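Undergrad: First the structure, which I've put down as structure tokens, then a few questions once you've had a look.
Number of protein chains: 2
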Amino acid sequence: MAFDQTLEGQLYLGIDGGGSKCRATLYNNKLDVLGTGVAGRANPLFGLEQTFESILASTEMALRDAGLSLNDASLLVAGLGLAGVNVPRLLADVQAWQHPFKTMYVTSDLHTACIGAHQGGDGAVIITGTGSCGYVHVGDESLSLGGHGFALGDKGSGAWLGLRAAEHVLLQLDGFAEPTALTERLFANLGVSDALGIVENLAGRSSSCYATLAREVFAAADEGDKVAVGILREGAAYISEMARKLFTLEPARFSMIGGLAEPLQKWLDADVVARLEPSLAAPETGAVLFAIQQHNKQSAA
Amino acid sequence: MAFDQTLEGQLYLGIDGGGSKCRATLYNNKLDVLGTGVAGRANPLFGLEQTFESILASTEMALRDAGLSLNDASLLVAGLGLAGVNVPRLLADVQAWQHPFKTMYVTSDLHTACIGAHQGGDGAVIITGTGSCGYVHVGDESLSLGGHGFALGDKGSGAWLGLRAAEHVLLQLDGFAEPTALTERLFANLGVSDALGIVENLAGRSSSCYATLAREVFAAADEGDKVAVGILREGAAYISEMARKLFTLEPARFSMIGGLAEPLQKWLDADVVARLEPSLAAPETGAVLFAIQQHNKQSAA
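Written as structure tokens, this is what we have:
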């Protein structure tokens, strides 16, 4: 997609909304960044009102960052990549929103991340941060894998690593599982000294809270802790298998993004790592490229 | 404990509060049931206000059932067995409550369940319903195992069986795991036809919601489904190991209670099943026996 297809003087907003936060970036028609904003989670699966609030809050921040105000939202062509809208009912709910934008185009956060990673071109992407999921888009074909959310799925993600570590430590403290350096690491990380302390800190908490424990799993594994190594191997094996499933559509490019993309790399299979290429642009840029693409389609029609 | 230690004309209230509901039973000093009530969940870990509301709502139902009103709560010696109060901060929170009773004695739901199962005597108990946990009390010694809550622990529980089934089905639908009869069973149970339908029905839901899927695991295993058999074997192995750990305190009696006690039995190890004895009284009765025991101690002091 060529940027000269954008309209002179038009402002664009890219939204990347997920289970832990919502990022908004304001661009001019050359895709220069004019302002950025970040707010709370924007996953319609966990609340439509909160999603809209997070979108508006991050948009307002991005507009102010550029010397504008929320009133100027009516000038914006907005592209929204949101978690959860692969559920048709939730996509319809978001599309029915009385939004403040000039026009609004909505798709999944996976789709916009993939468009961003390959700067508008075809390709495959795996996102491993708080959650985990994969997406590939080649011509008219696409495939989405994983992304079922915590604690149902998201194997190999930060939240999954944290949950598996906490599960093992609680079993170990009751005498059901082998000792692990994760026990002392979780105690120190949470500032507690027994199983009750762990439960009190984690019970009913969000996936983001569990994901903060992932660094302990990587650190313990680096020191040779067998339990941490076992957890990481299981998670990484799933991510490697996911990559190979995405490769069946023969994408020209493959990137991994998210906070765990770098630390997970050494645990992935060599054939997967060999195909890794850098992500070219952020998911918010992908959201804007998606909006421009849709806007041009509609203008041409 | 002899019932003639109770006070002539005194009314007693037994509360069994957990993650899915709160049961209240009103007794006279012969431990005849005068009235019963049930309300929503009463686990301080998930909200103190809700816990107090559920206790009051179930108490009011039990009092009305006996032809009394909530104003008569001031006549009651109340025993409360509550989930979550093994966390010292939460026990203190509950004990600081401006409760409406004549006197109130609080302990864990595990403790009162154990007292009930053995009619006030020493013994061991495993509770497998929505959650799973074990408790043994012999003389001055006691041991509590598991009960760390969904999705941190509670292996072998209804919620754990349901989560494991849903996890496997979602992996299977993405092509990561072997086929299983659980897929069609979960579709039918939830009234959906794809992975998104499962996610939409289960994401962010309570442990009780997951526990409703446990029956599909038992049914599929009965028909020989390998995946269901594997899940049940793993859960049951944990429960059997928990029982043997409780036996180290040499309890005179051992009972299992909760909705899964009966269906799980055929999956448990023979040495554990051989020691199973019927539960003699309900956890609410255990709560009252605890209150009477504490009340007599204080009166004697």
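Chains as they are written, first to last, in the working numbering: chain C, 663 to 963; chain S, 663 to 963.
Where a beta carbon is used, it is the ideal one built from N, C-alpha and C, also for glycine.
The structure displayed is predicted, hence computed values, not measured ones.
1. For G824(C) and E722(S), I'd like the C-alpha separation in whole angstroms.
2. Quick check: what's the CA-CA separation for V700(C) versus D802(C)?
3. If we call anything under 8 Å between Cβ atoms a contact, is G948(S) one with A724(S)?
4. Would you say E912(S) faces chain C, with C-beta separation under 8 Å as the test?
5. Between the stretch 883–890 of chain C and the stretch 680–696 of chain C, can you find at least three pairs of beta-carbon atoms closer than 8 Å?
6. Can you tell which of G680(C), A932(C) and F952(C) has its C-alpha closest to the C-alpha of T792(C)?
7. Could you check how far apart the C-beta atoms of A953(C) and V787(C) are, in whole angstroms? I think they sit under 8 Å.
8. Any idea which residues DSSP pairs T698(S) with across the strands?
9. For T765(S), count neighbouring Cβ atoms within 10 angstroms of its own Cβ and tell me buried if that reaches 16, exposed if not.
10. I need the straight-line Cα distance from R937(S) to Q927(C), nearest angstrom please.
11. Entirely within the stretch 761–833 of chain C and at least 3 residues each: give me those beta strand (DSSP E) ranges in chain order.
12. So, is the C-beta of L858(C) closer than 8 Å to a C-beta in chain S?
13. Sorted by chain position, which residues of the same chain lie with C-beta nearer than 8 Å to N748(S)'s C-beta, five sequence neighbours on each side aside?
14. Grab me the residues of G778(S)'s own chain with a C-beta within less than 6 Å of its C-beta, minus the 5 sequence neighbours each way, in chain order.
15. Quick one: Cα of F665(S) to Cα of Q672(S), how far?
16. Could you check the C-alpha separation between M663(C) and L922(S) for me, to the nearest Å?
17. So, is the C-beta of K888(S) closer than 8 Å to a C-beta in chain C?
18. Between D836(S) and chain C, is any beta-carbon pair separated by less than 8 Å?
19. Pairs of beta-carbons, one from the stretch 872–882 of chain S and one from the stretch 845–855 of chain S, closer than 8 Å: are there three or more?
20. Is F665(C) helix, strand or coil by DSSP?
21. Expressed to the nearest angstrom, what Euclidean distance is found between the alpha-carbon atoms of D931(S) and H830(S)?
22. Please decide whether E862(C) counts as near chain S, where near means a Cβ-Cβ distance under 8 Å.
23. Closer than 9 Å, Cβ to any Cβ of chain S: which residues of the stretch 901–931 of chain C, in chain order?
24. Count the other CB atoms within 10 Å of the CB of N733(C); is the residue buried (16 or more) or exposed (fewer)?
TA: Taking the coordinates as given:
1. Rounded to whole angstroms, the gap between the alpha carbons of G824(C) and E722(S) is 42 Å.
2. Near 32 Å, if we compare the C-alpha coordinates of D802(C) and V700(C).
3. No, the Cβ-Cβ distance between G948(S) and A724(S) is not below 8 Å.
4. No, no contact with chain C.
5. No, the stretch 680–696 of chain C is not in contact with the stretch 883–890 of chain C.
6. In terms of Cα proximity to T792(C), the closest of G680(C), A932(C) and F952(C) is G680(C).
7. Not a contact, Cβ separation roughly 18 Å.
8. Note: T698(S) sits in a beta bridge opposite T687(S).
9. Classification of T765(S): exposed, given that the 10 Å Cβ count is below 16.
10. Roughly 50 Å separates the two Cα atoms.
11. Taken in chain order, the unbroken stretches of beta strand (DSSP E) that lie wholly in the stretch 761–833 of chain C and span 3 residues or more are 765–770, 785–790, 794–800 and 803–808.
12. Closer than 8 Å: yes.
13. Result list for N748(S): S770, L772, S806 and G809, in chain order.
14. Non-local beta-carbon contacts of G778(S) in its own chain, meaning distances under 6 Å to residues more than five positions away in sequence, involve A943, A944, P945, T947 and G948 in chain order.
15. In this prediction, F665(S) has a pLDDT of 48, which is less than 50 and means its spatial position is unreliable; what the coordinates show is noted afterwards. Each residue's Cα considered, the two are about 12 Å apart.
16. Legend: pLDDT at M663(C) = 45, less than 50; position of this residue unreliable, no value from coordinates given.
17. The beta carbon of K888(S) sits no closer than 8 Å to any beta carbon of chain C.
18. By this cut-off, D836(S) is an interface position.
19. By the Cβ rule, the stretch 872–882 of chain S counts as touching the stretch 845–855 of chain S, because three or more pairs are nearer than 8 Å.
20. The pLDDT assigned to F665(C) is 47, lower than 50, so where the model puts this residue is not dependable, and the model offers no usable value.
21. The straight-line gap separating the alpha-carbon atoms of D931(S) and H830(S) is approximately 25 Å.
22. It does; some Cβ of chain S falls within 8 Å.
23. Those would be E903, M904 and K907, in chain order.
24. Exposed is the call here.
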